[in-house]
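Visitor:
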Amino acid sequence: MPKRNIIQVQLPAEQPDCCAMCPLLGLVPKYVARPKNSKETHVCLGTMEALTQRGTRIRASQRDSHHPLKRPCDHRWPMWMTLPQRKLGLSIETYRECRVPYEATLQLTIKFHR
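Per my numbering, the sequence shown runs over residues 37 to 150.
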């Protein structure tokens, strides 16, 4: 059986209100050398552009015309909606290195007392 190098990520019907709710958001791997004093810890897997954690939580619905939200995927989202079944193909290595650790940080850690 051939080895799969691409994973299909299902996109929502509409662009999420903030990047934190997007299935394409991931963490920058620890081994990647970031510029000095850089606060960009997240990455958009659709565009491969780095984002700050604070920038991922800003909601587009709370912005106005004088202060618009500019996300790296804004000009690509309409094109992604024309993909068959709204599935975007990503490299499986990139998905494992960036998205899986991000999903692991979203899990609740429960501390039980004896």
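Think of the CB as a built atom: it goes at the ideal place given N, C-alpha and C, for glycine as much as any other residue. Everything numeric in this text was worked out from a predicted model, so none of it was measured.
Looking at C-beta atoms only, is the number of pairs between the stretch 56 to 76 and the stretch 129 to 139 that lie closer than 8 angstroms three or more?
Guide: Touching, yes.
Visitor: Please classify THR92 as buried or exposed, where buried requires at least 16 neighbouring CB atoms within 10 angstroms.
Guide: Result: buried.
Visitor: Could you check what DSSP says for GLU50 in three-state terms: helix, strand or coil?
Guide: DSSP places GLU50 in coil when its eight states are reduced to three.
Visitor: Does DSSP put LEU126 in a helix, a strand or coil?
Guide: In the structure shown, LEU126 sits in a strand (DSSP, three-state: E or B).
Visitor: For the stretch 76 to 96 against the stretch 108 to 119, are there 3 or more C-beta pairs whose distance is under 8 angstroms?
Guide: Counting Cβ pairs under 8 angstroms, three or more are found: they touch.
Visitor: Should MET46 and GLY125 be called a contact, given that it needs their Cβ atoms to be closer than 8 angstroms?
Guide: In the sequence under discussion, the amino acid at residue 46 is Gln, which differs from the Met named in the question. No, they are not a contact pair.
Visitor: Compute the distance between the beta-carbons of ASP53 and SER97, then report whether it is under 8 angstroms.
Guide: Yes; because the gap between Cβ atoms is below 8 angstroms, this pair is in contact.
Visitor: In whole angstroms, what separates the C-alpha of HIS149 from that of PRO71?
Guide: Taking the straight line from one Cα to the other gives about 42 angstroms.
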